[in-house]
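Colleague:
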Amino acid sequence: MSRILCSECQAALSTHAEACRECGYPVMARGQPASPTDKETVPASLKEYRLMQLAGIGLSCAGFLAVLADALVFAGVSVTVGIGTYMTGLLGAWWNSTE
Ligand SMILES: [Zn+2]
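Residue 124 is where the sequence shown starts when you use my numbering, and the numbers rise one by one after that.
Here you go:
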């Protein structure tokens, strides 16, 4: 009869034992991969989309300020990214609220 060691207290156990007789630690059934964490894809919360909208508005404002400062390349990038972020947040919030 083959024996295994308890992974908790190292006591010798029968491979047919369901749990350690010394400490009660459950013996893993062989061929059964331990994967307790099946991660579900958690959708971003409404709060996160609101934050995205705020970040987008902030970026756009920075872009418009950059126009005044004649930093046109920075302004273009800021406004484009800002509006994109804002729209993503807006769509995300809308999508969340309709569910
Ligand atoms: Zn044990």
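Heads up, the beta-carbon is just placed ideally off N, CA and C, and yes, glycines get one too.
#1: Could you check whether the Cβ of V150 sits closer than 8 Å to any Cβ belonging to chain B?
#2: Per DSSP, R126 is paired with what?
#3: Out of I127, G147 and Y148, which has the shortest C-alpha to C-alpha gap to H139?
#4: Tell me the DSSP bridge mates of A185?
#5: For a test of the three-state rule: what should DSSP assign to A142, helix, strand or coil?
#6: I'd like to know whether the C-beta atoms of A198 and G179 end up nearer to each other than 8 Å.
#7: Is the closest heavy atom of ligand 1 to the C-beta of A216 under 7 Å?
#8: Could you tell me if G147 is buried or exposed, where buried requires 16 or more neighbouring beta carbons within 10 angstroms of its beta carbon?
#9: Would you list the residues whose beta-carbon is nearer than 6 Å to any heavy atom of ligand 1, in the order they occur in the chain?
Modeller: Quick look at the numbers:
#1: No chain B appears in the structure shown, which is made up of a single protein chain.
#2: Sequence index remark: in the sequence shown, residue 126 carries index 3 (1-based). Paired residues: S137.
#3: Translated into the one-based positions of the sequence shown, residue 139 becomes position 16. The candidate whose alpha carbon is nearest that of H139 is I127.
#4: Looking up residue 185 in the sequence shown gives position 62. A185 is not bridged to any residue.
#5: For the purposes of this step, residue 142 is taken as the residue at position 19 of the sequence shown. Reduced to three states, the DSSP call for A142 is strand.
#6: By 1-based counting over the sequence shown, the position of residue 198 is 75. By 1-based counting over the sequence shown, the position of residue 179 is 56. In this structure, G179 does not lie closer than 8 Å to A198 by Cβ.
#7: Along the sequence shown, read from residue 1 onward, the residue named residue 216 stands at position 93. No, the Cβ of A216 stays beyond 7 Å of every heavy atom of ligand 1.
#8: One-based indexing of the sequence shown puts residue 147 at position 24. Looking at its Cβ environment, which holds fewer than 16 other Cβ atoms inside 10 Å, G147 is exposed.
#9: Ordered along the chain, the selected set is C129, E131, C132, A134, C143, E145, C146 and Y148.
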